[in-house]
């Protein structure tokens, strides 16, 4: 292609919520063959998403982001962003309402009547919060990853529920993005350094 130099490396990165309908020709070895499953954010990741969304917003001291993260298990990054955006809008709306009330009373506005996004704003925002990724969607994604890895002769890295011998209940291994990405990269690396056979 014009303008392309062999001295530079080009990385093509894509993201999709429907990996099951990707043309298999695109994912053959040597093409877009590095497929990485990014699961829903765990607790620490949800805290990080909330912090990133609110890093430039005046959040009141009574807001505990970890409490919000605990209450939003199964929420995606976009779902958490929507919660933060609604809380900000609620704070702005309350501020405008109080400014109008102050002006109508004949007083001067000397300071911001709502200087912070408070716990009340987040609680109200959470009332309408909904998950956009269902448990059925998660199972479909995990099934796709398992099928893909098995077709390439790789070890299954999706955590499965294991019996708990103490109380005969089931417990699930940690399902973090970092662990799954590391496993996928390690498995692909082992495959490439194995017997040299390509699977098509």
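Numbering (this note's numbering), first residue to last: 11 to 210. Even glycine gets a Cβ: it sits at the ideal position worked out from N, Cα and C.
- The beta carbon of residue 93 is closer than 6 Å to those of 135 and 139 in its chain, skipping five residues each way along the sequence.
- From the listed residues 83, 91 and 99, the smallest Cα separation to residue 148 is found for 83.
- Residue 69 is bridged by DSSP to 127.
- Taking a contact to require three or more Cβ pairs closer than 8 Å, the segment 104-118 and the segment 70-80 do not qualify as touching.
- C-alpha of residue 123 to C-alpha of residue 108: approximately 7 Å in a straight line.
- By the criterion of a C-beta distance shorter than 8 Å, residue 125 is surrounded in its chain by 68, once the five residues flanking it on both sides are discounted.
- Between the C-alpha atoms of residue 159 and residue 47 there is a straight-line separation of about 11 Å.
- Contact between residue 50 and residue 90 does not hold, since their C-beta atoms are separated by about 10 Å, which reaches or exceeds 8 Å.
- Under the three-state reduction of DSSP output, residue 115 falls in the coil class, being neither helix nor strand.
- Inclusion of residue 64 and residue 127 in the CB contact set at 9 Å is warranted, their separation being smaller than that value.
- Taking C-alpha positions only, residue 23 is separated from residue 39 by approximately 15 Å.
- One thing to note: residue 37 has its Cβ within 9 Å of the Cβ of residue 43.
- Taken atom to atom, the span from the alpha-carbon of residue 20 to that of residue 112 is near 58 Å.
- Where residue 54 is concerned, the enclosing alpha helix (DSSP H) starts and stops at 53-63.
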